[in-house]
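Residue numbers (this note's numbering), protein chains in the order written: chain A, 80 to 408; chain B, 6 to 348.
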């Protein structure tokens, strides 16, 4: 008897993990324009809800699906690849029109993408890429270009210090070691500032994308290097932590030490408007509208580019003051 | 005291590395009316780890282990920040104290839950606390709604990021907690009782010690320490991050306890050793940032140092390696473990 109960419970747990339990269906509004009599159904397998950025991303996809009249089937993989694969398989069985997902990790997707291809369901990648050699497994990849973000940060710095003749001492707070945004933001930044030998990165450590680590590492930087001119942080949160460390050292963030960050979340924008950060490169999670647009084009048989970059901008202190009241995340 | 010689020596060696490679490492100055310098940073950022490790020491002394401390850190920080963010004035001292009370109360309740599973239900400690380790982080994210809660409260800032009489407030909290634990375990009989439960819970019960109640108290106290550490960590950056606060701190705490010479087999513990162990870990972290070890090799560097530390701590290893250079010494038995059989 006990064994039977356990078996039943195990089945229950599996069913929930499949995404069946956490699936929600957004109500379709007006019928899709190009789709004739039936509405488009999209299966979206999200990574999880690990950060504010991700939550904003989810909300954007759900809201723009509703606005575009696309019937959205949504699943949350809780940062686990096997959950995502199960969700995609269930979308294939349900015969959705198009599948979109943000891969948790880069590798291991070939089999399930083959299944989708065999079932003639187009796949769109969002936010993160996969490393499959076979590019026909997916239609397009929509997401931020992290290298470009690093370059934008570097370009602002080069412009700001164009008339400077002495050395510019830069410290860098990297994201989680080995993650794509950390690698690419570092590479893009280094490429731009590398052209001029006066820009010197005197210290570069990982702050794990968190405020606490950002503060701790910056505190150590400040002790070991007495004259730091510029801080480049791979996200806002580490920059915010570093601001506290700089203030603790009796210096003025934004003046004594210029700060450049990436992301443009609300707390970061607030600090930018307050003059504590000097420049933020946006990494937008609001890629829902572009995703719906791409899905419609793919289904209408139009050719779409292999790589679509999210529409993103940059913010100075003045622009932050204007943008802040309407900031969604 | 002799047992502390090795961890103390290792800490001294790490500091020596900094003396050679980092300028101004030992420089301490007064800035804005408080002490400022790398050594102060080690204490300031090490304070939460010392607290968690002290609670862990008592749990390990009972032959248990508490994997859930990292989650409790996140929950306490999230709860306190959530409460403070709803206050009409975030600077009201009463409101902040209330928030701290609720957060610590929740932490203690979670600790009692752990103790209940271990002492009454009889689940192995590693499994019992694993439940809260996994579920707790979810709970913390539920409290923060998956977002980072940012607050702006001067009284709360004092807990982990403030200064009192030029000293970082966190160090003062650690000193008070350490003095309290040292008093009740070394001046009163509690330490002996904990050690006897760790040595043999059943024999202790038969000899009249209320082992179950004691276990629950120890787990509750460990969670309280983790809760205070959680307040410090969130206060230090004026925000609560349910996903990342205290991530993997349980492993650092266990490491600190072990480096400090407390046996995972239970029955014996060293508070001084644990404090030294935690300081070694934090000094190592600060050293990595100061001398500029590339982030890609940081983990390897840490692993190497920890391996060396553990090998040096092992009497068997020392006997083997140093035998060729010195006179062959008989395997040393610590004085406390000598058993005399009277006939």
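Every residue gets a Cβ at the ideal spot worked out from N, C-alpha and C, and that includes glycine.
Check, Outcome
"Test: residue 211 (chain A) CB closer than 9 Å to a CB of chain B", "no"
"Whole-angstrom C-beta distance between residue 291 (chain B) and residue 15 (chain B), which should lie under 8 Å", "Incorrect: roughly 15 Å between the Cβ atoms, too far for contact."
"Proximity test, Cβ basis, 9 Å: residue 290 (chain A) and chain B", "yes"
"Local Cβ density within 10 Å of residue 174 (chain A), reported as buried at 16 or more and exposed below that", "exposed"
"Contact list for residue 285 (chain A) against chain B, beta-carbon separation under 8 Å", "300, 303"
"Helix, strand or coil at residue 108 (chain A) [DSSP, three-state]", "Low confidence applies here, because residue 108 (chain A) scores a pLDDT of 39, under 50, leaving its location unreliable; read the following figure in that light. Coil."
"Contiguous beta strand (DSSP E) assignments of at least 3 residues, all confined to the segment 331–384 of chain A", "337–342, 358–361"
"Member of B:322, B:270, B:224 whose CA lies at the smallest distance from the CA of residue 59 (chain B)", "B:224"
"Minimum C-alpha distance to residue 130 (chain B) - residue among B:163, B:175, B:67", "B:67"
"Integer Cβ distance of residue 296 (chain B) from residue 56 (chain B), believed to fall under 8 Å", "Not confirmed; about 27 Å, so no contact."
"CA-to-CA distance, residue 317 (chain B) to residue 286 (chain B), given in whole angstroms", "16 Å"
"Under 7 Å from the C-beta of residue 242 (chain B): neighbouring residues of chain A", "290, 291, 294, 320, 323"
"Simplified DSSP state of residue 173 (chain B), which is helix, strand or coil", "strand"
"Three-state class that DSSP yields for residue 153 (chain A) in the structure shown", "strand"
"DSSP bridge partner residues for residue 121 (chain A) (one or two, in chain order)", "A:151, A:177"
"Short Cβ contact (9 Å threshold) for residue 310 (chain A) with residue 272 (chain A)", "no"
"Partners in chain B for residue 303 (chain A), counting only beta-carbon separations shorter than 7 Å", "27, 295"
"Where residue 190 (chain A) falls: helix, strand or coil (DSSP)", "helix"
"Any 3 or more C-beta pairs closer than 8 Å across the segment 275–284 of chain A and the segment 239–258 of chain A", "yes"
"Own chain, CB closer than 7 Å to residue 40 (chain B), minus 5 neighbours either side, in chain order", "33, 171, 172"
"Residues from the segment 248–263 of chain B in contact with chain A, defined by Cβ distance under 8 Å", "248, 249, 250"
"CB contact flag (residue 198 (chain B), residue 209 (chain B), <9 Å)", "yes"
"Residues of the segment 246–269 of chain A whose Cβ lies closer than 7 Å to any Cβ of chain B, in chain order", "253, 256"
"Residue 221 (chain B) vs residue 201 (chain B) beta-carbon contact at 9 Å", "no"
"Partners in chain A for residue 5 (chain B), counting only beta-carbon separations shorter than 9 Å", "Nothing about residue 5 (chain B) can be reported from this structure: the residues present for chain B run from 6 to 348 only."
"Chain A contact residues for residue 155 (chain B), given Cβ-Cβ distances below 7 Å", "346"
"Closer than 9 Å to chain B by CB, residue 352 (chain A)", "no"
"Within-9 Å CB hit, residue 328 (chain A) to chain B", "yes"
"Test: residue 124 (chain A) CB closer than 9 Å to a CB of chain B", "no"
"Start-to-end residues for the alpha helix (DSSP H) that takes in residue 36 (chain B)", "Residue 36 (chain B) -> not in any alpha helix (DSSP H); beta strand (DSSP E) instead, spanning 34–36."
"Rounded straight-line distance, which links the Cα of residue 293 (chain A) to that of residue 100 (chain A)", "With a pLDDT of 38 at residue 100 (chain A), under the threshold of 50, the modelled position of this residue cannot be trusted; read the value that follows with caution. Between residue 100 (chain A) and residue 293 (chain A), the C-alpha separation is close to 37 Å."
"Cβ shell of residue 61 (chain B) (< 7 Å), same chain only, five flanking positions each side left out", "71, 74, 227, 258, 259, 262"
"Buried or exposed by the 16-neighbour rule on C-beta atoms within 10 Å, applied to residue 186 (chain A)", "exposed"
"Bounding residues of the alpha helix (DSSP H) (the contiguous stretch that carries residue 219 (chain B))", "216–241"
"Limits of the alpha helix (DSSP H) - the one that residue 217 (chain A) falls within", "First-last for residue 217 (chain A): undefined, no H or E at that position."
"Neighbour list for residue 282 (chain A) in chain B, Cβ cutoff strictly below 7 Å", "297"
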